[in-house]
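Student: I'd like to ask some things about the structure below.
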Amino acid sequence: MKLPPGLLSLAMRHDGVLTAADFRAFGLNRAAVHRMVAAGELIGVARGVHRLAAHPLTARTRLRTTVLRVGMQPVLSGVCAAWWWGLVDRHPPVITLTMPSGTRRKRVPGTRIRYRELDTDDVTVHSGLSITALPLAVLEAGVEQGIEIVDRALLRRRVSEQQLVDAYRRRRGRRDAATMGTIVTLIGAGGRSYAERIAIDIFTSHGITGWVAGHPAPPYEIDFAFPVHRVAVEIDGMAHHSDAEAFQRDRRRGNDLSAAGWNVLHFTYNDLLFRPDYVVERIQRALAAADVVEGIA
383 MKLPPGLLSL AMRHDGVLTA ADFRAFGLNR AAVHRMVAAG ELIGVARGVH RLAAHPLTAR
443 TRLRTTVLRV GMQPVLSGVC AAWWWGLVDR HPPVITLTMP SGTRRKRVPG TRIRYRELDT
503 DDVTVHSGLS ITALPLAVLE AGVEQGIEIV DRALLRRRVS EQQLVDAYRR RRGRRDAATM
563 GTIVTLIGAG GRSYAERIAI DIFTSHGITG WVAGHPAPPY EIDFAFPVHR VAVEIDGMAH
623 HSDAEAFQRD RRRGNDLSAA GWNVLHFTYN DLLFRPDYVV ERIQRALAAA DVVEGIA
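Counted the way my numbering counts, the sequence shown spans residues 383 to 679.
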């Protein structure tokens, strides 16, 4: 027995996966499905979930079948949602799903279920799965894996800054909202000054001294300079705020400072926000190396 053309087309759009509801919509009862399983045309994945035997077992197929095994329309979230939207190249090892507060489902291996409420504007259907809308997916992925994901989405014009601000406002006061707020601030027009405040907080909390903000090095001004050690700390801005001319200007600036005897360290917003220990370690190492070379210690 062969699948009706319309059902086969649906299966191909849904990564080779079909549900009991799909079969019923095309007039196929349980007995017909069992016959196709017996004939080797279908493979049972979970109760009410089958995949085409001839369809390759792709990462999308695995994710879709795992989500369907949970049942009750869970919402694909976080980095998994960003991957489903095509913003992340690597499939996350654990699938994050969101379900309404007060509901409980048996945990399916390979999943992480979060029980929380989502605004209706933050949920949509993409390729047949319930998923967080793109702006929230971008912010959640930024919280989980770093602000570069947010920058990439903006650079590709997949989302706008205003859409991200609106998504954050709908989550304000809830879990992860504080980090989302920091990300939203950094991507805005005042992001550089905010990033510099974060850098100062890192220096202060780790006892790093001897730095000067906005140190003149004509014709430039160094973000943070350690004049005695000739160490320059530069905070790189967001790529979506840049262009080819700005990129070339930054490279020339770095080369000129190096030629003038500065040891230039570049840090991203992501370093400041998610890897402060790395920032501290690199600066301390550069200062220590300068001590040895100059005999300061």
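For glycine and all other residues, C-beta sits at the position ideal for the given N, C-alpha and C.
Fair warning: this is a prediction, and the values are worked out from it, not measured in the lab.
1) In the DSSP assignment, the beta strand (DSSP E) including E526 goes from what residue to what residue?
2) What separation, rounded to the nearest whole angstrom, lies between the Cα atoms of G619 and D503?
3) Within its chain, find whatever has a CB closer than 8 Å to the CB of T447; leave out the 5 residues flanking it on each side and keep chain order.
4) For a test of the three-state rule: what should DSSP assign to V615, helix, strand or coil?
5) By the three-class DSSP mapping on this structure, what secondary structure does F606 have?
6) Return the CA-CA distance between L392 and V452, expressed in angstroms with no decimal places.
7) Kindly indicate the opening and closing residues of the alpha helix (DSSP H) around P387.
8) How should V470 be labelled, buried or exposed, when 16 other C-beta atoms within 10 angstroms of its C-beta is the threshold for buried?
9) Pull up the distance between the alpha-carbon of A607 and that of V594, whole angstroms please.
10) Bridge partners for H597 per DSSP, in chain order?
11) Let's see if you can read the secondary structure: which residues bound the alpha helix (DSSP H) around G573?
12) Is I569 helix, strand or coil when you go by DSSP?
13) Apart from the five residues just before and just after C462, which ones in its own chain have a Cβ nearer than 6 Å to its Cβ?
14) Pick helix, strand or coil for H416, following the three-state DSSP scheme.
15) If contacts are defined as beta-carbon pairs under 8 Å, then T480 and S459 qualify, I think. What distance do you get, rounded to the angstrom?
16) Using 8 Å as the threshold, is the C-beta distance between R376 and R498 below it?
17) What separation, rounded to the nearest whole angstrom, lies between the Cα atoms of V646 and P658?
18) I need the straight-line Cα distance from G592 to D605, nearest angstrom please.
19) Starting from T447, trace the beta strand (DSSP E) both ways and give me its first and last residue.
20) Inspect the beta-carbon positions of Y651 and L536 and report whether they are closer than 8 Å.
21) Can you find the residues in the same chain that come closer than 6 Å, C-beta to C-beta, to W644, ignoring five residues on each side of it along the sequence?
22) I'd like to confirm the pairing. Which residues does DSSP put opposite H473 in its beta bridges?
23) With H, G and I counted as helix, E and B as strand and the rest as coil, what does DSSP make of F656?
24) Within its chain, find whatever has a CB closer than 8 Å to the CB of V532; leave out the 5 residues flanking it on each side and keep chain order.
25) Looking at C-alpha atoms only, which residue of I495, Y602, L518 and E603 is the closest neighbour of M562?
26) Grab me the residues of R574's own chain with a C-beta within less than 8 Å of its C-beta, minus the 5 sequence neighbours each way, in chain order.
27) Helix, strand or coil for R538 per DSSP?
Tutor: Considering the structure as presented:
1) Segment L516 to Q527 is the alpha helix (DSSP H) holding E526; no beta strand (DSSP E) there.
2) Approximately 30 Å, taken between the alpha carbons.
3) Excluding sequence neighbours, T447 sits near V399, V427, A428, V431 and R433.
4) Here V615 sits in strand by DSSP.
5) Strand.
6) One C-alpha to the other measures close to 21 Å.
7) Residues P387 to R395.
8) Within a 10 Å sphere around the beta-carbon of V470 sit 16 or more other beta-carbons, which makes this residue buried.
9) Taken atom to atom, the span from the alpha-carbon of A607 to that of V594 is near 5 Å.
10) Its beta-bridge partners are I604.
11) Looking at the DSSP string, the run of the alpha helix (DSSP H) that includes G573 is G573 to S587.
12) Helix at I569.
13) The residues are P474, I477 and T478.
14) Three-state DSSP puts H416 in a helix.
15) Confirmed, Cβ separation roughly 5 Å.
16) Look at the range of the chain in this structure, 383 to 679, and you will see that residue 376 is not part of it.
17) Cα to Cα, the separation comes out at about 18 Å.
18) Rounded to whole angstroms, the separation of the alpha carbons of D605 and G592 is 14 Å.
19) Where T447 is concerned, there is no enclosing beta strand (DSSP E), although the alpha helix (DSSP H) it sits in stretches over A441 to V452.
20) For Y651 and L536, no; Cβs fall outside 8 Å.
21) R612 and A614.
22) Looking at the DSSP assignment, H473 forms no beta bridge with any residue, so it has no partner.
23) DSSP places F656 in helix when its eight states are reduced to three.
24) So the qualifying residues of the chain are V520, L521, A523, G524, L546, I565 and I569.
25) For M562, the nearest C-alpha among the options comes from L518.
26) I617 and G619, listed in sequence order.
27) The three-state secondary structure of R538, taken from DSSP, is coil.
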